[in-house]
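Scroll down for the structure; my scribbles are underneath it.
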Amino acid sequence: KNLQRDGEKLITTHCSYCGMQCGMHIRVSERTGEIKGVEPRYDWPVTLGKLCPKGVTAYQQIDHPDRIKRPLIKKNGEFIESSWDEALSLIERKFTELQEKHGKDSLSVFGGVSMTNEKCYLVGKYARVALGTRFIDYNGRFCMSSAAGGFNQTFGLDRGSTLPWTELEHSDCFLIAGSNTAECHPTSIQMFWKARDKGAKMIVVDPRETPTARIADVHLDLKPGTDSALANGLLHLIIKEGYVDQEYVDERCNNYEELKASVEAFTPDHTASLTGVDKEKIIKAAHIFGQSPRSVVMFARGVEQQSKGVDNVTLYSALALLRGQIGKFASGVATFTGQGNGQGGREHGQKSDLLPGYRKLTDPEAVKYISKVWGIEPEEMPKPGVSAYEMFDEIHNGTIKAMHVICSNPAVSSPNVEYAWEAFKKLDFLVVNDFFLSETAEFADVVLPTTTWAEDEGTTTNLEGRVIRIRKAIEPLHESKPDWEIFGEIAKRLGKGKHFNYKNPREIFEEFRIATKGGKADYSGITYERIDKEDGVFWPCPSEDHPGTPTIFKDKFSTPDGKANLPAVAWKEPGEIPTKEFPLRLTTGRVVYHYLSGNQTRRIDFLMEQCPVPYAEMHPELASQYNMRDGEMIKLSTPRSSMELEVKLTKATRNDIVFVPYHWGKELSVNKLTNPSLDPISRMPEFKVCSAKIEKL
Ligand code: SF4
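Using the UniProt record's numbering, the letters of the sequence shown map in sequence onto residues 11 to 707.
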């Protein structure tokens with residue numbers, strides 16, 4: 011298609027929002043340099059010219075009137091515009107004073123993954139080298155950490171997809187669990203439709219009849235928090251009905267006998283009683299999955315944001331393993347990554363216990379290697395810290411005195427969010443990097459204006475593991491700066507400038523390639539030139555003549571013995587179950603019109619017109635028990651807090667749950683209500699289920 015218009019140039023890049031990273035061009039006026047809009051990339055092999063409502067309007071955030079134009083310093087409770095020098099001098103003074111008085115670990119960093127790989131990599135280095143603190147974690151802890159934990163346990167490697175998504179149209183069966191794909195990753199739906207046109211089947215696991223569940227052959231409408239029971243039940247049937255690829259399992263998996271014993275009790279009747287799903291539907295799903303030659307098990311936060319999220323990931327992954335589906339064409343396991351660079355951003359050292367390339371901070375060889383790359387002594391490398399939510403504990407107990415929040419809005423996205431609000435108020439000093447005044451930025455002492463995705467270049471890694479290029483369309487607007495420049499300025503003032511001497515993102519990428527070399531997420535063979543020429547390169551890619559790895563685990567897994575570890579997981583209830591006082595289950599999720607905490611999408615008129623406020627979605631049968639009608643206001647409470655919401659009635663949901671979307675802040679934040687119970691391995695909070703009650707107002 012000829013997308014070029016007279017007087018405009020097209021900058022080829024990717025959408026700024028979710029992990030689909032849809033290919034697009036930004037239209038820029040040649041005369042004024044202004045951004046005029048976007049066009050989808052019809053030749054981008056993954057999304058083939060599709061954009062969702064967020065992607066189509068993403069450009070409207072760039073020159074939005076709400077952009078923070080200059081650094082802000084809070085004086086007497088009000089933000090006052092300042093110069094960069096004044097803001098950075100204040101940060102230098104406060105950070106130095108606090109560390110002199112309370113030690114290095116009095117500072118902390120809360121990162122994010124809606125940033126390029128170059129920036130994500132530097133966040134870890136900034137925390138550990140410039141600030142010298144062990145307290146760093148990031149918003150992916152609330153997003154992909156259980157997938158990471160489950161993949162590491164099962165496969166020895168955390169890459170969100172074992173196959174390229176261009177193969178999905180050739181699959182015969184999709185088992186999609188805990189993902190409202192049609193709304194959260196809308197441009198992927200065309201892949202499923204293409205496969206369906208060729209006869210592929212779809213099994214959807216979700217408490218709600220989402221637009222995705224509506225097109226399924228079988229919809230397993232389980233009670234929130236019962237995924238491990240359902241997955242155990244499906245595994246039981248796959249074994250009992252003789253669907254196991256025994257040769258594959260014998261050759262490539264450990265622990266089969268233990269798994270077999272652990273699922274023995276999960277008969278269809280028992281599974282149905284635990285999950286609330288009709289047993290005939292469970293049996294039908296197992297037959298469809300078991301008989302499909304090429305199947306893909308896919309899941310998202312519905313499965314992962316639970317206090318047993320890692321168990322759930324290992325069990326759903328085991329379904330693919332028992333069928334011998336991993337490492338083969340159009341088959342495998344994949345997660346729907348939420349944030350734009352949710353894959354790349356978790357590989358480079360923003361996690362409290364990880365260094366770039368998935369190296370472990372507890373591994374002396376890894377510390378030695380990265381110290382050398384960073385030009386510090388291994389003894390200078392801080393020890394592992396704590397997870398994102400646990401950093402709020404460290405603020406409350408007085409250990410952390412200051413925080414630097416980067417590209418993240420935990421004042422909306424944390425569970426039990428009033429606890430986070432109290433923590434922010436307790437801090438001696440809070441710095442926030444953002445281009446809009448987010449709810450978190452409102453708590454800050456200093457806000458530093460950053461560039462949007464169209465004002466800087468770099469790379470991201472999409473949900474397949476494909477490394478792609480983000481290209482600069484315009485120069486930074488107002489006085490904004492890219493985050494990597496800000497880290498360099500602060501580091502210089504703290505006497506660590508020599509470690510942050512970068513002129514551009516490409517120089518950071520070159521260092522990052524060395525830092526990942528030999529690690530599990532090895533980018534060392536990837537260059538900007540290769541990405542341009544090949545339209546993306548899949549990691550691992552250990553040398554410039556390596557083709558990249560679209561399909562992983564073809565011959566062996568990344569565990570020490572090369573075999574996948576099958577789980578043997580006992581059924582456990584979620585952290586909270588319904589009680590007399592709180593008899594319902596609350597679950598939360600996304601809508602198509604908003605992205606994460608809504609800090610960006612709540613400023614776009616078209617998106618707000620479609621979905622201006624959160625609501626309480628419930629079944630008419632449940633509403634009638636409380637004499638509630640559509641459109642009425644109710645009070646929704648959990649053991650932590652309560653909020654007022656409008657009722658939205660739909661038969662497309664279970665009749666014992668309430669669903670609320672989570673994209674709003676302050677009194678409209680459903681995360682006031684969510685449970686901070688953490689998964690013991692991933693430290694993921696249990697956003698997806700807690701006990702609740704409703705009252706008519
Ligand atoms: Fe694509 Fe996601 Fe952007 Fe929508 S939000 S256009 S699905 S990358």
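Ideal placement from N, C-alpha and C gives every residue a C-beta, glycine not left out.
(message) Using the Cβ count rule (16 or more neighbours within 10 Å means buried), how would you classify serine 99?
(response) exposed
(request) Work out the CA separation of methionine 638 and leucine 707 for me, nearest whole Å. (result) 9 angstroms
(request) Hey, could you find the ends of the alpha helix (DSSP H) phenylalanine 402 is sitting in? (result) 398 to 406
(request) May I ask whether a heavy atom of the ligand SF4 can be found less than 7 angstroms away from the beta carbon of threonine 57? (result) In this structure, threonine 57 has its CB closer than 7 angstroms to one or more heavy atoms of the ligand SF4.
(request) Using the beta-carbon of each residue, find all residues closer than 6 angstroms to any heavy atom of the ligand SF4 and list them in chain order. (result) Counting only beta-carbon distances shorter than 6 angstroms to the non-hydrogen atoms of the ligand SF4, the qualifying residues in chain order are Cys25, Tyr27, Cys28, Met30, Gln31, Cys32, Leu61, Cys62, Lys64, Gly65, His195, Pro196, Thr197.
(request) Put isoleucine 666 into one of helix, strand or coil per three-state DSSP. (result) Checking the sequence, you will find aspartate at residue 666 rather than isoleucine. Coil.
(request) Give every residue of the same chain whose Cβ lies closer than 6 angstroms to the Cβ of serine 553, excluding the five residues on either side of it in the sequence, and list them in chain order. (result) Gly535
(message) Quick check on this structure: which residue in Lys382, Ile186, Lys318 has the alpha carbon closest to the alpha carbon of valine 306?
(response) In terms of Cα proximity to valine 306, the closest of Lys382, Ile186, Lys318 is Ile186.
(request) Run the CB neighbour count on tryptophan 203, radius 10 Å, all protein chains shown included, and call it buried at 16 or more, exposed below. (result) exposed
(request) Take the Cβ of arginine 369 as the centre, count every other Cβ of all protein chains shown within 10 Å, and call the residue buried at 16 or more, exposed below. (result) Around the beta carbon of arginine 369, 16 or more other beta carbons lie within 10 angstroms, which makes this residue buried.
(request) Note the first and the last residue of the continuous alpha helix (DSSP H) segment covering lysine 104. (result) 94 to 112
(request) Quick one: grab the DSSP three-state call for phenylalanine 510. (result) helix
(message) Tell me which residue opens and which closes the beta strand (DSSP E) that serine 701 is part of.
(response) 700 to 706
(message) Please classify asparagine 407 as buried or exposed, where buried requires at least 16 neighbouring CB atoms within 10 angstroms.
(response) exposed
(request) Would you be able to state if there are at least three C-beta pairs under 8 angstroms between the stretch 692 to 706 and the stretch 592 to 606? (result) Taking one beta carbon from each stretch, the stretch 592 to 606 and the stretch 692 to 706 have 3 or more pairs nearer than 8 angstroms; the two touch.
(message) Here's the rule: buried if 16 or more other CB atoms are within 10 angstroms of the residue's CB, otherwise exposed. What is residue 8?
(response) A question about residue 8 goes unanswered here, because the residues of the chain that appear run from 11 up to 707.
(request) In the DSSP assignment, find the unbroken alpha helix (DSSP H) run with residue 10 in it and report its ends. (result) Outside the displayed span of the chain (11 to 707) sits residue 10, for which this structure offers no information.
(request) Would you give the residue range spanned by the alpha helix (DSSP H) that leucine 632 belongs to? (result) 630 to 635
(request) Report the residue ranges of all alpha helix (DSSP H) runs contained in full by the stretch 351 to 388; include only those spanning at least 4 residues, in chain order. (result) DSSP runs (the alpha helix (DSSP H)) wholly in the stretch 351 to 388: 374 to 384.
(message) Just to confirm before moving on: does the CB-CB distance between glycine 468 and aspartate 147 stay below 8 angstroms?
(response) no
(request) Could you work out which residue in Glu375, Cys417, Val427 is closest to tyrosine 399 when comparing CA atoms only? (result) Val427
(message) Any beta carbon of chain C sitting closer than 8 angstroms to that of proline 55?
(response) Included in the structure is just one protein chain, with no chain C present.
(message) One question on the structure: do asparagine 149 and valine 123 come within less than 8 angstroms of each other, judged by their Cβ atoms?
(response) Their beta carbons are under 8 angstroms apart, which means asparagine 149 touches valine 123 by this criterion.
(request) Measure the CB-CB distance between proline 584 and glutamine 316 and report whether it falls below 8 angstroms. (result) yes
(message) For phenylalanine 145, count the other beta carbons within 10 Å of its own beta carbon; 16 or more makes it buried, fewer makes it exposed. Which is it?
(response) Around the C-beta of phenylalanine 145, 16 or more other C-beta atoms lie within 10 Å, and the residue is accordingly described as buried.
(message) Quick check: the Cα distance between leucine 437 and tryptophan 431, rounded to an integer number of angstroms?
(response) In a straight line, the C-alpha of leucine 437 is about 10 angstroms away from that of tryptophan 431.
(request) Return the bridge partner residues of tyrosine 148 from the DSSP annotation. (result) In DSSP, tyrosine 148 forms a bridge with Gly121.
(request) From the DSSP output, read off the bridge partner residues of lysine 658. (result) Glu627
(message) I'd like to check one pair, serine 490 with methionine 308: are the Cβ atoms closer than 8 angstroms?
(response) No, Cβ-Cβ distance for methionine 308 and serine 490 is not below 8 angstroms.
(request) Compute the Euclidean distance between the alpha carbons of alanine 310 and glycine 348, then round it to the nearest angstrom. (result) 8 angstroms
(request) Select from Arg356, Tyr429, Val415, Thr611 the residue whose C-alpha is nearest the C-alpha of phenylalanine 439. (result) Val415
(message) Taking the alpha-carbon of phenylalanine 276 as reference, which of His509, Phe567, Leu247 has the nearest alpha-carbon?
(response) Leu247
(request) Report yes or no: do the stretch 497 to 516 and the stretch 340 to 355 share at least 3 C-beta pairs separated by less than 8 angstroms? (result) With fewer than three CB-CB distances shorter than 8 angstroms, the stretch 497 to 516 does not count as touching the stretch 340 to 355.
(request) For phenylalanine 548, collect the residues of the same chain with a Cβ closer than 6 angstroms to its Cβ; drop the 5 residues on either side in sequence, then sort them by chain order. (result) Gly475, Arg476, Gly558, Thr559, Pro560
(message) By the DSSP assignment, the beta strand (DSSP E) with residue 708 in it spans what residues?
(response) Residue 708 falls outside the range modelled here, since the chain spans only 11 to 707, and no answer is possible.
(request) Check the DSSP bridge columns for leucine 185 and list the partner residues they point to. (result) Residue pairing of leucine 185 in beta bridges, as defined by DSSP: Ile213, Val307.
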